[in-house]
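In UniProt numbering, the protein residues as written are 1 to 363. The C-beta atom is built at its ideal place from N, Cα and C for all residues, glycine as well. What follows is a short report on a single structure.
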């Protein structure tokens with residue numbers, strides 16, 4: 001096991017272009033999430049909503065390490081991954097709005113972004129719910145002698161639940177081509193890792209399963225990309241699982257409605273000082289890769305993309321009430337009840353209410 005240190009970016013033309021591309025992607029996540037938070041306050045987005053603010057370097061670095069053929073499973077903090085993986089920003093925003101043109105026709109919402117075209121298979125609201133499913137996908141790849149890799153992202157709090165240990169144990173026993181990524185924002189909701197975990201250096205937990213692992217600075221997109229590439233290459237070539245821990249701060253609360261009152265002023269300032277987007281901006285300027293006005297043009301370009309996504313979501317129609325039960329089951333099921341909310345369970349007169357196959361009139 002190893003800890004990966006931060007690396008300074010090279011100044012070659014190729015690396016400069018790559019860094020600018022990473023900055024553009026990180027800025028897309030930042031501006032999209034900021035606009036998402038605004039839409040939530042405008043009541044255009046409902047339910048649970050968790051943002052990647054402060055984790056942009058981790059998101060972009062991880063996505064740069066996997067190929068189109070690989071599979072991705074994430075937790076509920078999934079917006080940035082969806083964008084960088086290749087989902088259309090307008091369709092992602094429409095999904096957050098619960099509209100028909102969303103990536104899941106408005107049925108998934110913030111925590112369940114899913115698109116088989118880009119092989120992002122969720123978005124899972126239950127803490128750790130994605131781990132067994134990701135291992136199952138990796139088992140399917142192994143069973144077919146495929147060369148795809150599964151990447152399974154999770155938060156630091158997930159490392160304390162049973163599914164984490166059970167899944168890592170099976171993955172190691174069965175030599176599955178999967179990379180587990182713990183995005184350690186140092187707060188499981190409002191509790192610090194040091195308080196909740198007997199071993200706060202979470203990558204070390206892999207040793208219990210004889211699994212290779214590493215820890216990396218999650219605020220450095222290059223360091224994350226390089227560490228994740230090593231993990232993915234090992235999983236692909238050796239058919240072995242890997243645990244990667246990325247450490248970064250969370251700029252806001254656990255969700256958009258969390259004021260993060262458990263943080264002191266000094267803690268808030270410390271996290272802001274490590275802002276990965278601002279940090280990469282300053283590195284690009286300081287290393288002579290780009291000028292301030294060039295980066296401002298990128299910001300303006302991203303602003304237009306996010307604005308267009310909002311306009312697309314605003315114009316997208318809401319689902320029809322009649323479609324409420326369309327995706328209850330993947331295929332027809334006998335005695336499937338399609339009674340709408342508010343409708344009588346037992347109609348007083350035949351024909352007064354739509355028939356319920358579970359409770360037919362006169363039964």
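- If you look at residue 215, you'll find it isn't in any alpha helix (DSSP H); it sits in the beta strand (DSSP E) that goes 212–217.
- Annotation: residue 111 is outside any beta strand (DSSP E) and is labelled neither H nor E by DSSP.
- By the criterion of a C-beta distance shorter than 6 Å, residue 242 is surrounded in its chain by 179, 212, 231, 234 and 235, once the five residues flanking it on both sides are discounted.
- With contact defined as three or more Cβ pairs closer than 8 Å, the region 157–171 and the region 115–128 are in contact.
- A Cβ-Cβ separation of about 15 Å leaves residue 50 out of contact with residue 248 under the 8 Å criterion.
- For residue 158, no alpha helix (DSSP H) run applies, since DSSP gives it neither H nor E.
- Less than 8 Å separates the beta-carbon of residue 85 from that of residue 72.
- Taken atom to atom, the span from the alpha-carbon of residue 136 to that of residue 300 is near 42 Å.
- Rounded to the nearest whole angstrom, the CA to CA distance from residue 208 to residue 268 is 34 Å.
- The straight-line gap separating the alpha-carbon atoms of residue 333 and residue 327 is approximately 11 Å.
- If you check the CB distance, residue 215 and residue 61 do not come in under 8 Å.
- Here DSSP, grouped into helix, strand and coil, assigns residue 325 to coil.
- For the region 278–315, the full-length alpha helix (DSSP H) segments reaching 4 residues or more read 292–315 along the chain.
- Bridge pairing for residue 178: 150 [DSSP].
- The Cβ-Cβ distance between residue 42 and residue 79 does not fall below 8 Å.
- By the Cβ-count criterion, residue 38 is exposed, with fewer than 16 other Cβ atoms from all chains shown falling within 10 Å of its own Cβ.
- Contact annotation: the region 185–201 does not touch the region 146–153, with fewer than three C-beta pairs closer than 8 Å.
- Taking a C-beta distance under 8 Å as the contact criterion, residue 56 and residue 30 qualify as a contact pair.
- The Cβ atoms of residue 113 and residue 95 lie closer than 8 Å to each other.
- Closest in alpha carbon position to residue 257, among 23, 18 and 40, is 40.
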